[in-house]
Amino acid sequence: MIELPVVPVEQKQRKPDWLRVRLPVGKEYAHVRGLVDTHKLHTICESGNCPNMGECWGAGTATFMILGNICTRSCSFCAVATGRPLAVDMDEPNRVAMSVKLMQVKHCVITSVDRDDLKDGGSIIWAETINAIRRESPETTLETLLPDFRGQWDNLARVLETRPEVVSHNLETVRRLTKEVRIQAKYDRSLEALKQVSAEGLRTKSGIMLGLGEKEEDVLEAMDDLLAAGVHILTLGQYLQPTRSHHPVVDWIHPDQFAFYKQIGLDKGFKYVESGPLVRSSYHAEKHLFEI
1 MIELPVVPVE
11 QKQRKPDWLR
21 VRLPVGKEYA
31 HVRGLVDTHK
41 LHTICESGNC
51 PNMGECWGAG
61 TATFMILGNI
71 CTRSCSFCAV
81 ATGRPLAVDM
91 DEPNRVAMSV
101 KLMQVKHCVI
111 TSVDRDDLKD
121 GGSIIWAETI
131 NAIRRESPET
141 TLETLLPDFR
151 GQWDNLARVL
161 ETRPEVVSHN
171 LETVRRLTKE
181 VRIQAKYDRS
191 LEALKQVSAE
201 GLRTKSGIML
211 GLGEKEEDVL
221 EAMDDLLAAG
231 VHILTLGQYL
241 QPTRSHHPVV
251 DWIHPDQFAF
261 YKQIGLDKGF
271 KYVESGPLVR
281 SSYHAEKHLF
291 EI
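1 is the number of the first residue of the sequence shown in the UniProt record's numbering; add one for each residue after it.
Structural data, given as structure tokens:
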């Protein structure tokens, strides 16, 4: 077992026992590790320090992160590097598609860094990547975890035209904490992005991290806002602080509270709720397609 990279608010505070994961091992994990290295791919599994990397890669799956691994935004919760991104790699869609084919992925999740430096927000590469995967692996279903494109909805529309089976955009936190946690994002802009996805008749998904200082009423308000935006699938997980320079963990949310939120979400009208301490956006993503 290995401890997750979390720095508590107080040094004397100990992480609860339920926040532990197994060390990544096994033949399938090694196979995926080799493919990612050989094809020079960026995965959010690595860049985001995801606690489920061992489980997911061990099952022969991974979430691909396109448009590089340097983000133009500096959200206080995120482990992805911030800075000036490299030039867009126009061959990246083909490399991702070939890797999906080699891995024989049945349900592929694609995400990206924010590319506010680009006029199209990276939407051209997004669309080309989806189309390339469909050419190489026509049986593979797709989930896209999209940025907000700074509210340039023509860029969002370019991606939606490819009709992914699931389209996700994370709210990340509650309204009250958005300015503190997502410095360059806007709560209502994210809701508008989700409304546009839902209006296209696409399966719509969003996620929220807990433990950043939100109260129960904040979470319930966010649920209502997401439902009003047409969101079908909700993920709730424990925030884990990547380094000392990131937003601190304010609360460790007990598994029973996650179970409570799951039931409340289902009662409110979400078609699927994935809720637990180690849940992340793409965790058990295939269920969000097949179990609705």
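Glycine included, every Cβ here is placed at the ideal spot set by N, Cα and C.
- Rounded to whole angstroms, the separation of the alpha carbons of Ala132 and Glu139 is 13 Å.
- Counting C-beta pairs closer than 8 Å gives three or more between the region 187 to 205 and the region 228 to 248, which meets the contact rule.
- Between Ile130 and Pro164, the C-beta spacing is below 8 Å.
- Contact between the region 235 to 249 and the region 257 to 277 is present: three or more C-beta pairs spanning the two stretches fall below 8 Å.
- Note that the C-beta distance between Val36 and Ala62 is below 8 Å.
- The criterion of a C-beta distance shorter than 8 Å is not satisfied by Val250 and Gly207.
- Around Glu221, the same chain offers Val174 and Arg175 as residues with beta carbons nearer than 8 Å, after the five sequence neighbours per side are excluded.
- Contact annotation, Leu142 with Ile110: C-beta distance approximately 7 Å; criterion of less than 8 Å satisfied.
- With fewer than 16 other beta carbons inside 10 angstroms of its own, Thr38 counts as exposed.
- The Cβ-Cβ distance between Ile233 and Lys268 does not fall below 8 Å.
- In this chain, the beta strand (DSSP E) harbouring Ser275 covers Tyr272 to Ser275.
- Gln152 has its alpha-carbon roughly 28 Å from the corresponding atom of Arg135.
- The beta-carbon distance between Val96 and Asn69, rounded to whole angstroms, is 13 Å. This is too long to meet the 8 Å contact definition.
- The DSSP-derived three-state label of Leu278 is coil.
- Relative to Ala259, the option among Thr243, Pro248 and Val279 whose CA is nearest is Val279.
- For Glu200, there is no enclosing alpha helix (DSSP H), as DSSP gives it neither H nor E.
- In this structure, DSSP gives Ser74 a state outside helix and strand, which the three-state scheme calls coil.
- Collapsing the DSSP output to three states places Gln238 in a strand.
- Inclusion of Gly121 and Arg150 in the CB contact set at 8 Å is warranted, their separation being smaller than that value.
- Bounds of any alpha helix (DSSP H) do not take in Ser245, whose DSSP letter is neither H nor E.
- Where Ile66 is concerned, the enclosing beta strand (DSSP E) starts and stops at Thr63 to Ile66.
- Counting along the chain, Leu145 sits inside the beta strand (DSSP E) bounded by residues Thr141 to Leu145.
- Assignment of His232 by DSSP, reduced to helix, strand and coil, places it in the coil class.
- Of the residues assessed, Thr243 falls on the exposed side of the cut-off, its CB having fewer than 16 other CB atoms within 10 angstroms.
- Ser245 counts as exposed, since fewer than 16 other beta carbons sit within 10 angstroms of its beta carbon.
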